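Student: In the numbering used here, the protein residues as written are 478 to 1229. This is the structure I want to talk about, given as structure tokens.
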């Protein structure tokens, strides 16, 4: 630097924290520019992700050794005297484009601006880790590019459809450097502009997007003549060719295989006005079907009206476009839905291609002057503006079709109020009070808003108290009726009352639920769950909403008898193989009933453990009609269940085994005959468990093994004695005689 400066402590700490290992970058290679143009040099710190902004200093050297300060992001007094006035006039600007990136802008470039430019990041790091600055060489060339038109201002051409015209633009460069020129013809209509045809600096022709076919057919040409004149030739003028034509010339320089555009100049050449001929017509677009709900169809018609100067060789085609609704400050973009060429070929845009192939969108030609566009099921994304463009095509001598005119219709807005659907269900019962055994009737009335042609499915539920008072209530599904009026029993498992519930549709929005011969066990809160369905095409339905009705309570206020149940056994402790007898005894309190008016369902359960820590196992049951059901058992003992009296039942376990020990209890469901003659099911009651012990009889268990052991021991002893006797008598006789003989000899010797 030209002189040293002190940096604040904050800058030192910041750069020390986030700038170690940094790399300052400027685009590589020399930059070549022309006097009077603008120079822009970007500079950034790579791999920087700090939260604060990085600071930059820019300096310049014409010789490459001594650098002069230009501008800094950190210090206002950084700029040297030669650049202060240009900085104040705004010719030199330093624009930040990110936390770690800036651009140096120098307008009205001068020959003295040629030299080395350095971008630096100030730092007080103790050690250098990376590149803290970078330089680039800028070459400033003299302005030697000349662009002109034959007439100034631009000439005016008045043409008719089918005419031809030529425009000329002169462009040359007297630069001492080896430069190339590119020429582009542009068409301007107000603020909009479009490229017509270009000749690049590499001598390649590039037509604009809307001129590709005309360039290929030879109706559009660009060539150069003597004295550096570039000519644009247009044959068979179309109405869309009207506007101001501008010649844009760019100068390029190539170094080391890299091209740089060093400057650009343009000139307006001519304003072309096309007088319309053959035919004159108007285009009217209207919506024959507008959706009111989601999935409704939309149908648009594009009609040709007021046709004049028509020719038999004229053919009309249509193109459909969609424009999304946007805010006033947004630029609306148009999307092509479908376009028809002069040979009646229909091509689809990206937005509608798949839906058209699936038959969801239909484009049709009703007659020579009317076209239609239909969306079978309108979705949320189809909201917006639609318009059509009718094109007139003229038959050429080579039998091809050329577009001669286009007329755009006014847009039609497709919109519907997407209000939230409303579904309400009101339930009421036919009679405010009724007794057990009577018929319960509940009616559910449905009302809906903002749902297209709804159909309803209904589910009747019952909320009943759980067996455990600390658990939430249980909700059971009883019966349902779908949108096609198909009835289904859900969790209704009372076989004795298989036809005891009915759900029917009274009207399209009214449903009736009936339950015959109600029982005390039917008490609870009853509701209708209604779901609204809208047609979704074909035989499909779309769910539009679900609602729950108010509850209707069934509550039986009874002062009837109170039943109790207990289990008794005279022999709770038995030996294996003995008979286990358990009595289930029912008692009655609070009322006296005729035995013929009472009946019971009795079930026996066992928990085969010392504590009640295992699930209860069903052993056997006997219903009020006398039918006995026994559960499958995996051991040899057998069960029998019998009714001893109206209120006493006996369970017997025959040939008990060790596995039969445990806690036994019975569950009883009382049934009482009402005054109407129907049987009413009371609440189930359970007895307290009784523990049964199965012991092993030690004497009987070891009696037979002891007898067998004694018998075997006796037999084995007798056999051992017999074997010993035989052995001594037959096998050892001679040896004994010899021994006696020897003894006699000794005795003789002693006597001697």
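All C-beta atoms in this analysis are idealised placements derived from N, C-alpha and C, irrespective of residue type, glycine included. Predicted model only: the values in this text are computed from it and were never measured.
Skipping 5 residues on each side, what residues in its chain have a beta carbon closer than 7 Å to that of residue 892?
Tutor: Excluding positions up to five away in sequence, the list reads 860.
Student: Compute the distance between the beta-carbons of residue 1044 and residue 1133, then report whether it is under 8 Å.
Tutor: Cβ atoms of residue 1044 and residue 1133: not closer than 8 Å.
Student: Which one or two residues does DSSP pair with residue 750 in a beta bridge?
Tutor: Answer by DSSP bridge pairing, in chain order: 635.
Student: Apart from the five residues just before and just after residue 886, which ones in its own chain have a Cβ nearer than 8 Å to its Cβ?
Tutor: 760, 761, 762, 779, 864, 865, 866, 867.
Student: Pick out the complete beta strand (DSSP E) segments inside the segment 813-882, 3 residues or longer, and give them in chain order.
Tutor: Taking only runs of at least 3 residues, the beta strand (DSSP E) segments lying wholly in the segment 813-882 are 823-825, 838-844, 847-852, 861-872.
Student: Pop quiz: residue 1077 and residue 1146 are said to be a contact at Cβ under 8 Å. What is the actual Cβ separation, rounded to whole angstroms?
Tutor: With a Cβ gap of about 7 Å, residue 1077 and residue 1146 count as contacting.
Student: Could you pull the start and end residues of the beta strand (DSSP E) that residue 800 belongs to?
Tutor: Segment 791-800, the beta strand (DSSP E) holding residue 800.
Student: For a quick check, are the C-beta atoms of residue 932 and residue 960 less than 8 Å apart?
Tutor: A contact, by the Cβ cut-off of 8 Å.
Student: Report buried or exposed for residue 633, applying the criterion of at least 16 other Cβ atoms within 10 angstroms of its Cβ.
Tutor: Residue 633 should be labelled exposed.
Student: Grab the span of the beta strand (DSSP E) containing residue 1127 for me, first residue to last.
Tutor: Unbroken beta strand (DSSP E) run through residue 1127: 1125-1131.
Student: Can you give me the C-alpha to C-alpha distance between residue 793 and residue 823, rounded to a whole angstrom?
Tutor: Each residue's Cα considered, the two are about 13 Å apart.
Student: For a test of the three-state rule: what should DSSP assign to residue 927, helix, strand or coil?
Tutor: In this structure, residue 927 counts as coil in the three-state DSSP scheme.
Student: Along the beta strand (DSSP E) that carries residue 1003, what are the first and last residues, could you check?
Tutor: Counting along the chain, the beta strand (DSSP E) containing residue 1003 begins and ends at 1001-1012.
Student: Could you please give the first and the last residue of the uninterrupted alpha helix (DSSP H) stretch that includes residue 560?
Tutor: Note, residue 560: alpha helix (DSSP H), 558-565.
Student: Hey, residue 641 and residue 714: beta-carbon distance below 8 Å or not?
Tutor: Yes; because the gap between Cβ atoms is below 8 Å, this pair is in contact.
Student: Residues bridged to residue 1019 by DSSP?
Tutor: Answer is 1011, bridged to residue 1019.
Student: What's the C-alpha gap between residue 733 and residue 506?
Tutor: Each residue's Cα considered, the two are about 9 Å apart.
Student: What whole-angstrom Cβ distance do residue 503 and residue 596 have, given they're in contact under 8 Å?
Tutor: Yes, they are in contact, since the Cβ atoms of residue 503 and residue 596 sit about 6 Å apart, within 8 Å.
Student: With residue 902 and residue 1026 assumed to form a contact (beta carbons below 8 Å), what rounded beta-carbon distance in angstroms separates them?
Tutor: Confirmed, Cβ separation roughly 4 Å.
Student: Compute the Euclidean distance between the alpha carbons of residue 1100 and residue 1190, then round it to the nearest angstrom.
Tutor: The alpha-carbon atoms of residue 1100 and residue 1190 are separated by roughly 59 Å.
Student: Could you check the C-alpha separation between residue 799 and residue 818 for me, to the nearest Å?
Tutor: Approximately 18 Å between the Cα atoms of the pair.
Student: Hey, out of 563, 772, 582, whose CA is closest to residue 570's CA?
Tutor: Measuring from the Cα of residue 570, the nearest candidate turns out to be 582.
Student: Can you give, in chain order, each stretch of the beta strand (DSSP E) that sits fully within the segment 691-740 and has at least 3 residues?
Tutor: With a minimum length of 3 residues, the continuous beta strand (DSSP E) runs that stay inside the segment 691-740 are 697-702, 706-711, 720-732.
Student: I'd like to confirm the pairing. Which residues does DSSP put opposite residue 623 in its beta bridges?
Tutor: DSSP, once it has assigned bridges, lists 649 as partnering residue 623.
Student: Distance, Cα to Cα, residue 1148 vs residue 975?
Tutor: Using only the alpha carbons, I get a separation of about 18 Å.
Student: With DSSP run on the structure shown, which of helix, strand or coil describes residue 1191?
Tutor: Here residue 1191 sits in helix by DSSP.
Student: On the DSSP letters alone, give me the boundaries of the beta strand (DSSP E) that residue 761 sits inside.
Tutor: Its beta strand (DSSP E) spans residues 757-766.
Student: On the DSSP bridge list, what partners appear for residue 595?
Tutor: According to DSSP, residue 595 bridges with 536, 612.
Student: By Cβ distance, which residues of its chain are closer than 8 Å to residue 898, with the 5 residues on each side in sequence left out?
Tutor: Correct list, in chain order: 925, 926, 927, 928, 1009, 1021, 1022.
Student: Are there 16 or more other CB atoms within 10 angstroms of the CB of residue 996, so buried, or fewer, so exposed?
Tutor: Its Cβ being crowded by 16 or more others within 10 Å, residue 996 is buried.
Student: Would you check if the segment 739-752 and the segment 764-783 touch, i.e. whether three or more CB-CB distances between them fall below 8 Å?
Tutor: No, the segment 764-783 is not in contact with the segment 739-752.
Student: Since residue 1116 is in the beta strand (DSSP E), which residue starts that stretch and which ends it?
Tutor: Taken as a continuous stretch (DSSP letters only), the beta strand (DSSP E) holding residue 1116 covers 1115-1122.
Student: Which residue from 1092, 1081, 989, 907 puts its Cα closest to that of residue 1105?
Tutor: Ranking 1092, 1081, 989, 907 by Cα distance to residue 1105 puts 1081 first.
Student: Is the CB of residue 749 under 8 Å away from at least one CB in chain B?
Tutor: In the structure shown, chain B does not exist; there is a single protein chain.
Student: In chain order, what residues of the same chain lie with their CB nearer than 6 Å to the CB of residue 816, ignoring the 5 residues before and after it?
Tutor: Counting only Cβ-Cβ distances below 6 Å, and skipping sequence neighbours, we find 796, 824.
Student: So, under 8 Å CB-CB, residue 749 and residue 618 are touching, yes? Tell me the CB distance rounded to an integer number of Å.
Tutor: Actually they do not touch by this definition, with Cβ atoms about 36 Å apart.
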